[in-house]
Amino acid sequence: MSVEDRIKNEVEGTPVVLFMKGTPMFPQCGFSAAVVQVLGHFGVEYKGINVLEDDEIRNGIKDYSNWPTIPQLYVKGEFVGGCDIVREMAADGELATLFKDKGVPVKAA
Amino acid sequence: MAETYHDRILRKLTEGLAPAALSVRDESHKHAGHGDRVAAAGKGAHAPVDGQGETHFHVEVVSARFDGLSRVNRQRLVNDLLADELRERVHALSMRCQSPSEVG
C-alpha cells in the first residue's frame, strides 16, 4: 500500500485524527501538545498518530496535505490545520461549529 | 555580515504580502535544549538546535492578500514565500494571518 493510501485510510477511517509528535498522553513537541490540549478541552474522541514512530508517514503527511509542519488535524477526512489554526478556531468558536456540522460528539456543548 | 533569517523573513514577507502590519519574532530561546533532549531519546522529533537561535519564529501579519482566503490557504501563502528558510534552517513557524478588515 502506498503511503498516500495508508494516510487516506487513517483519515477516512476515524472521524478525528491528529498526526503529531509523541502521543496524546506524552506529546514530544509543544505544538502537538497544544492541539492535544484543545481536543481534550472539547472532549472529542480522536486517534493520535505518532509520526516519530513512522518515517514514511512523517514525510508523506506533508505531501498529502501540502502542509510542511506537524501537528495536522483531520476531521472526517478533511485537513483542518496545524497548531495556530486549531487554536484560533477554538478561540473563535469555529471549531465547535465544525465538530457540530461534521457530527462529531463533544463533551461540552 | 550575512542577512539574518529574521531579516530575510521580514524582507520576503514585506515583498510578497505588502503587509499593513508585520512583526517577526525569534522564539528559539523558548525551545533551547529541547531538540537535544528529544534527539537523545532517539526519536528525532526535531532538527538539532545548535544554540544559535533562528530556528523558531512567530510571525504576525496583516495583509489585504489574505482577503477571501481560508486560514489554511493564508498559512500556505506564507509557507510558500518562506520555503527556502523553512528548508534551510527554520523548523517551526507559528503565525497569525489577518486581513485588514479583521483587525479591530
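Top line first, the protein sequences correspond to chains A and B.
Residue numbers are given in the working numbering: position 104 of the first sequence equals residue 104, and the series is strictly consecutive.
Residue numbers are given in the working numbering: position 80 of the second sequence equals residue 1080, and the series is strictly consecutive.
C-beta: ideal position from N, C-alpha, C; glycine also.
Quiz prompt | Three-state secondary structure assigned by DSSP to SER1063(B) | solution = The residue given as residue 1063(B) occupies position 63 in the second sequence. Coil, per DSSP.
Quiz item: Once you ignore the five residues that flank ALA1041(B) on each side, which residues in its own chain have a CB closer than 7 Å to its CB?
Solution: One-based indexing of the second sequence puts residue 1041(B) at position 41. Caution is warranted here: a pLDDT of 47 is assigned to ALA1041(B), below 50, making its placement in the model unreliable, and no coordinate value can be reported.
Quiz prompt | DSSP state of HIS1056(B) mapped onto helix, strand, coil | solution = Taking the second sequence and counting its residues from 1, the one referred to as residue 1056(B) is at position 56. Residue state, collapsed to three classes: strand.
Exercise. Report yes if the C-beta distance between ASP1026(B) and GLY1053(B) is below 8 Å; otherwise report no.
Key: Start at 1 with the first residue of the second sequence, and residue 1026(B) comes out as number 26. Start at 1 with the first residue of the second sequence, and residue 1053(B) comes out as number 53. In contact: ASP1026(B) and GLY1053(B) (Cβ atoms closer than 8 Å).
Practice problem: Output the boundary residues of the beta strand (DSSP E) element that contains LEU1141(B). | Solution: Any answer about residue 1141(B) is impossible in this case: the structure gives chain B only from 1001 up to 1104.
Quiz item: Just how far apart, CA to CA, sit VAL17(A) and ALA1083(B)?
Solution: Indexing the first sequence from 1 puts residue 17(A) at position 17. Indexing the second sequence from 1 puts residue 1083(B) at position 83. Each residue's Cα considered, the two are about 26 Å apart.
Quiz item: In this structure, what does DSSP give as the bridge partners for CYS1097(B)?
Solution: Taking the first residue of the second sequence as position 1, residue 1097(B) is located at position 97. In DSSP, CYS1097(B) forms a bridge with VAL1061(B).
Quiz prompt | Closer than 9 Å at the beta carbon, the chain B residues around GLU88(A) | solution = Taking the first sequence and counting its residues from 1, the one referred to as residue 88(A) is at position 88. Residues of chain B passing the Cβ test: ARG1071 and ARG1096.
Quiz item: Are the C-beta of PHE99(A) and some C-beta of chain B separated by less than 8 Å?
Solution: Position 99 of the first sequence, counting from 1, holds the residue named residue 99(A). No, its Cβ sits nowhere closer than 8 Å to a Cβ of chain B.
Practice problem: Would you kindly check if the distance between the Cβ of MET1095(B) and the Cβ of VAL1078(B) is under 8 Å? | Solution: Indexing the second sequence from 1 puts residue 1078(B) at position 78. Indexing the second sequence from 1 puts residue 1095(B) at position 95. Yes; because the gap between Cβ atoms is below 8 Å, this pair is in contact.
Quiz item: Cβ of ALA1092(B) less than 8 Å from any chain A Cβ?
Solution: Against the second sequence, residue 1092(B) aligns to sequence position 92. So yes, ALA1092(B) belongs to the interface.
Quiz prompt | Coarse secondary structure for GLU10(A), derived from DSSP in three states | solution = The sequence position of residue 10(A) within the first sequence is 10, counting from 1. Of the three classes helix, strand and coil, the one that applies to GLU10(A) here is helix, per DSSP.
Quiz item: So is PRO1019(B) buried or exposed if we call it buried at 16+ other beta carbons inside 10 Å?
Solution: For the purposes of this step, residue 1019(B) is taken as the residue at position 19 of the second sequence. Looking at its Cβ environment, which holds 16 or more other Cβ atoms inside 10 Å, PRO1019(B) is buried.
Quiz item: Which value, in whole angstroms, describes the spacing of the CA atoms of LYS76(A) and ALA96(A)?
Solution: Stepping through the first sequence from its first residue, residue 76(A) is reached at position 76. Stepping through the first sequence from its first residue, residue 96(A) is reached at position 96. Going by the C-alpha atoms only, they are around 14 Å apart.
Quiz item: Taking 7 Å as the cut-off, does the CB of ARG1074(B) come closer than this to any heavy atom belonging to the ligand GTP?
Solution: With respect to the ligand GTP, the structure shown offers nothing to examine, as it has no ligands at all.
Practice problem: List the residues of chain A whose Cβ lies closer than 8 Å to the Cβ of ARG1076(B), in chain order. | Solution: As a position in the second sequence, residue 1076(B) is number 76, starting the count at 1. Those are ASN66 and TRP67, listed as they occur along chain A.
Quiz item: Based on the DSSP output, what are the partners of PHE79(A) in its beta bridges?
Solution: Taking the first residue of the first sequence as position 1, residue 79(A) is located at position 79. Looking at the DSSP assignment, PHE79(A) forms a beta bridge with TYR74(A).
Self-check item: Cβ pair VAL1059(B), VAL1103(B) closer than 8 Å
Solution: By one-based count along the second sequence, residue 1059(B) stands at place 59. By one-based count along the second sequence, residue 1103(B) stands at place 103. No. Outside cutoff.
Quiz item: Does the beta carbon of GLY60(A) come closer than 8 Å to any beta carbon on chain B?
Solution: In the first sequence, counting from the first residue as 1, residue 60(A) sits at position 60. Chain B, which has no Cβ nearer than 8 Å to the Cβ of GLY60(A), makes this no.
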